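First the structure, in the form of structure tokens, and then the observations on it.
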Amino acid sequence: MTDTHATPPAEPVHPAGDRPGGPTALGMPALPAPPYPPEVRERLAADAREIIARYPGSRSALLPLLHLVQSEEGWVSRTGIAFCAEQLGLTDAEVTAVATFYSMYRRRPGGDYQVGVCTNTLCAVLGGDRIYAELQEHLGISGGETTEDGAITLEHIECNAACDFAPVVMVNWEFFDDATPESARRLVDDLRAGRGATPTRGAPLCTFRQTERILAGFPDERPGAVDAGGSAGHASLAGLRLLREEGAPPAAAAAGGAAPAEPAPAERMAAEHDRERREHTPSSSDAPLATSDSPPRDRERRAGDGPEGRK
Ligand code: FES
1 MTDTHATPPA EPVHPAGDRP GGPTALGMPA LPAPPYPPEV RERLAADARE IIARYPGSRS
61 ALLPLLHLVQ SEEGWVSRTG IAFCAEQLGL TDAEVTAVAT FYSMYRRRPG GDYQVGVCTN
121 TLCAVLGGDR IYAELQEHLG ISGGETTEDG AITLEHIECN AACDFAPVVM VNWEFFDDAT
181 PESARRLVDD LRAGRGATPT RGAPLCTFRQ TERILAGFPD ERPGAVDAGG SAGHASLAGL
241 RLLREEGAPP AAAAAGGAAP AEPAPAERMA AEHDRERREH TPSSSDAPLA TSDSPPRDRE
301 RRAGDGPEGR K
């Protein structure tokens, strides 16, 4: 994939001018926004049509359309908001409300690499706070700011469900696990020097705008990118190891199964756990019916509860 936007512009590159069309479909005033150049608009409109066609209702395409405009400019500008609104028949206010709600949408130009340090509880106590503080000092910027060379935008992020690899740093939402202040400094230095960096797991790193096009729903055509995966962490698999040590659960034995020779997928273990929990804590709607196999005490209690059973 080729990045044709190595350095994000400080301002939209389009010529200034009023948005064509005036007020939006609902009569709301349109934000003043310079239009995209005709060739850009035509290209984005074709992409937008492809995205919108995937949904039964066009407004459902708003999130990927916001990613699409971010892939063009590196942030959601007024021009991008106006474009989304026009494509979907929404007001600028409706699009703005969504774009400002989700932290994945930038409200100002940013760098090629969005570096997020998890400062949620577990990562924080294991070093995330220290990494975040050291990166601010090392880069000479505060959270939410971008380095002068346009390479790095630093932010703190909430839990990304990778707590067993804490503390976690993410670059364009790819994982860099078990980070330290030293590894985080090396990471941003490598990115700024153009040496690149390899995530601990998952797809190879690409620039923010390239990532945004993938998030808009277009294929990641880099060789091997889609197949690149990762594994659940040591802590996530602890329950599975215990299960194997203690033998197959009753549910597996009843089904004629034996403990698998290899670790079962985490999903299977979660399903078994869920089934066992339901069997032991029945709700009012799924309580087992009394049968000839029911324990005597259970049958007696049910008999005693009935009108004929009461003395
Ligand atoms: S607390 Fe950082 S990934 Fe969960």
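Quick note on numbering: the sequence shown equals residues 1 to 311 in UniProt numbering.
Quick reminder that beta carbons are idealized off the backbone N, C-alpha and C, glycines included.
Here the structure is a predicted model, which is why all the values come from computation and not from measurement.
- Message: Taking 7 Å as the limit, name every residue whose beta carbon sits nearer than that to some heavy atom of the ligand FES, in sequence order.
- Response: Residues close to the ligand FES by the beta carbon criterion (under 7 Å to any non-hydrogen atom) are, from first to last along the chain, Cys118, Asn120, Thr121, Leu122, Cys123, Gly128, Cys159, Asn160, Ala161, Ala162, Cys163, Ala166, Pro167, Val168.
- Quick one: give me the first and last residue of the beta strand (DSSP E) that His156 is part of. For His156, the uninterrupted beta strand (DSSP E) segment begins and ends at 152-157.
- Taking the alpha helix (DSSP H) that Val69 falls in, what are its first and last residues? Run containing Val69: 62-73, per the alpha helix (DSSP H) assignment.
- Query: Per DSSP, what kind of secondary structure is Thr121 in: helix, strand or coil?
  - Reply: Here Thr121 carries a helix assignment [DSSP, helix/strand/coil].
- Of all the options Pro167, Leu154, Ala48, Arg106, which has the alpha carbon lying nearest to the alpha carbon of Glu137? For the residues Pro167, Leu154, Ala48, Arg106, the minimum Cα distance to Glu137 belongs to Leu154.
- Just how far apart, CA to CA, sit Ala162 and Asp177? One C-alpha to the other measures close to 8 Å.
- Query: Under 8 Å between the Cβ atoms of Val117 and His156?
  - Reply: Taking 8 Å as the Cβ cut-off, Val117 and His156 qualify as a contacting pair.
- Message: Helix, strand or coil, according to DSSP, for Phe175 in the structure here?
- Response: When DSSP states are grouped into helix, strand and coil, Phe175 belongs to the strand group.
- Would you call the CB atoms of Gln65 and Ala48 closer than 8 Å? Checking the sequence shown, residue 65 turns out to be Leu, not Gln. Yes, Cβ-Cβ distance for Leu65 and Ala48 is below 8 Å.
- Task: Taking 8 Å as the cut-off, decide whether the C-beta atoms of Pro204 and Thr198 are in contact.
- Result: By the CB criterion at 8 Å, Pro204 and Thr198 fall inside the cutoff.
- Using the rule of at least 16 other Cβ atoms within 10 Å of the residue's Cβ for burial, across every protein chain shown, is Asp112 buried or exposed? So Asp112 ends up on the buried side.
- Check the DSSP bridge columns for Val169 and list the partner residues they point to. Val117, Phe176.
- Look at the Cβ atom of Ile131, then the Cβ atom of Ala184, and state whether they are nearer than 8 Å. At the C-beta level, Ile131 and Ala184 come within 8 Å of one another.
- Query: Candidates Leu88, Gly89, Ala133, Ala166: which alpha carbon is nearest Ala235's?
  - Reply: Nearest Cα to Ala235 within the set Leu88, Gly89, Ala133, Ala166: Ala166.
- Message: Between the stretch 211-229 and the stretch 66-78, can you find at least three pairs of beta-carbon atoms closer than 8 Å?
- Response: Yes: at least three Cβ pairs fall under 8 Å.
- Query: Based on Cα-Cα distance, which residue from Pro181, Cys84, Val171, Asp220 lies nearest to Arg201?
  - Reply: Of Pro181, Cys84, Val171, Asp220, the residue nearest in Cα terms is Val171.
- Task: Give the secondary structure of Thr100 by DSSP, where H, G and I count as helix, E and B as strand, and everything else as coil.
- Result: Residue state for Thr100 is assigned as coil, using DSSP reduced to three classes.
- My understanding is that Tyr36 touches Leu44, with C-beta atoms under 8 Å, so please give their C-beta distance in whole angstroms. Right, their Cβ atoms sit about 7 Å apart.
- How should Ala33 be labelled, buried or exposed, when 16 other C-beta atoms within 10 angstroms of its C-beta is the threshold for buried? With at least 16 other beta carbons inside 10 angstroms of its own, Ala33 counts as buried.
- With DSSP as the reference, label Thr79 as helix, strand or coil. If DSSP states are grouped into helix, strand and coil, Thr79 belongs with the helices.
- Message: Which residue marks the beginning of the alpha helix (DSSP H) containing His138, and which one marks its end?
- Response: Per DSSP, His138 belongs to the alpha helix (DSSP H) from 129-139.
- Query: Using DSSP with H/G/I as helix, E/B as strand and the rest coil, what is Thr211?
  - Reply: Secondary structure of Thr211 (DSSP, three-state): helix.
- For residue 388, which residues of its own chain have a beta-carbon under 7 Å away from its beta-carbon, when the five flanking residues on both sides are left out? No statement about residue 388 is possible, as the shown extent of the chain runs from 1 to 311 and does not include it.
- Message: I'd like to know whether the C-beta atoms of Val125 and Arg106 end up nearer to each other than 8 Å.
- Response: Contact: no.
- Own chain residues within Cβ distance below 7 Å of Ala216, not counting five before or after: Contacts found: Ile51, Pro64, His67, Leu68, Ser71.
- Between Arg108 and the rest of its own chain, which residues show a CB-CB distance below 7 Å, the 5 nearest in sequence each way excluded? Cβ neighbours of Arg108 beyond the five flanking positions: Trp75.
- Item | Straight-line gap, Gly57 to Gly89 (C-alpha atoms, nearest Å) | Rounded to the nearest angstrom, the two C-alpha atoms are 11 Å apart.
- Expressed to the nearest angstrom, what Euclidean distance is found between the alpha-carbon atoms of Ala53 and Gly80? Going from the Cα of Ala53 to the Cα of Gly80 covers about 19 Å.
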